[in-house]
Amino acid sequence: MSRHAGSVPEETKTRLLQSAVLEFSEFGFEKASLRRICSRADVTTGALYFFFQDKEDLFGHVISPVTDRLLSIMKEHYERELSSSSFSIAKDESEDFRAAEEVFDLFFDNPAICSIILNNREHPLVCSFFDTLIQMLDCQTVQLLSQAKPPLPENSYFNDCTIHWFSHLQIDAVLHILSHNLDKPQATEQLKIMIHFMRGGFLSLLPDTKNLK
Numbered sequence: 001m002s003r004h005a006g007s008v009p010e011e012t013k014t015r016l017l018q019s020a021v022l023e024f025s026e027f028g029f030e031k032a033s034l035r036r037i038c039s040r041a042d043v044t045t046g047a048l049y050f051f052f053q054d055k056e057d058l059f060g061h062v063i064s065p066v067t068d069r070l071l072s073i074m075k076e077h078y079e080r081e082l083s084s085s086s087f088s089i090a091k092d093e094s095e096d097f098r099a100a101e102e103v104f105d106l107f108f109d110n111p112a113i114c115s116i117i118l119n120n121r122e123h124p125l126v127c128s129f130f131d132t133l134i135q136m137l138d139c140q141t142v143q144l145l146s147q148a149k150p151p152l153p154e155n156s157y158f159n160d161c162t163i164h165w166f167s168h169l170q171i172d173a174v175l176h177i178l179s180h181n182l183d184k185p186q187a188t189e190q191l192k193i194m195i196h197f198m199r200g201g202f203l204s205l206l207p208d209t210k211n212l213k
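Take 1 as the starting number for the sequence shown in the UniProt record's numbering and just add one per residue.
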């Protein structure tokens, strides 16, 4: 017999979230059924609405452990870059590599949720997540460039369009790797190659790279 909300609230919520992960993985957001989610979790639809406002709210709770954690990883990464006592635009790649490994740890620890995010790219919550990530990348590049020594000339290649394109390039590199069936060591190594390549391109647009090393 189905259990009702309030009997074991946290355990019921956990079952609903686990069921929702399976449902969104199999059917995507649009075709997902709240009734199937409740049936698999062995609760009533009333129990679901005890915890979540609607399917949109449930979807947000499903993906937030990954999206929130990824934004936190990137925030910490950017703070480390900007606070480095030995900062320069051309500093070594070790911090980039550390963050890359943490990103892939998150992905491979949560493959189902990450697949839901990647397979529902047009959902407003997923769009908002990627928009936030792009904005963070844009802001970080601007701040890094503001610390360049010597300062960049006003007519440098790094206009708003270039900076925004570079942000998309970084995101696309990760998405490209995740679209292939690579294990974690392979994915991490491939991202390191791409980081090395993108840093080389970034540095090539600076007016006097040799003075930044």
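Note that beta-carbon positions come from the ideal geometry of N, C-alpha and C, so glycine has one too.
Between Val66 and Leu106 the beta-carbon gap is near 6 Å, inside 8 Å, which marks them as a contact. Taking 8 Å as the cut-off, the beta carbon of Ala99 is found closer than this to the beta carbon of His77. Between Lys192 and Phe97, the CB-CB gap stays under 8 Å.
The C-beta distance from Glu102 to Ile134 rounds to 19 Å, too long to meet the 8 Å contact threshold.
One Cα belongs to Cys161, the other to Glu26, and the distance between them is close to 38 Å.
The beta-carbon separation of Phe166 and Thr132, rounded to 17 Å, does not stay under the 8 Å limit for a contact. Within the region 77-144, the complete alpha helix (DSSP H) segments at least 4 residues long are 94-109, 111-119, listed from N- to C-terminus. In the DSSP annotation of this structure, the continuous segment of the alpha helix (DSSP H) that includes Pro9 starts and ends at 9-31. For the pair of segments examined, the region 142-157 was found not to touch the region 35-50: the number of CB pairs separated by less than 8 Å stays below three. With fewer than 16 other Cβ atoms inside 10 Å of its own Cβ, Ser179 counts as exposed. Shortest Cα-Cα distance from Phe50 to any of Glu23, Arg69, Pro9, Leu70 involves Pro9. By the Cβ-count criterion, Leu205 is exposed, with fewer than 16 other Cβ atoms from all chains shown falling within 10 Å of its own Cβ. Looking at the DSSP output, Val66 sits in no beta bridge, so it has no partner there.
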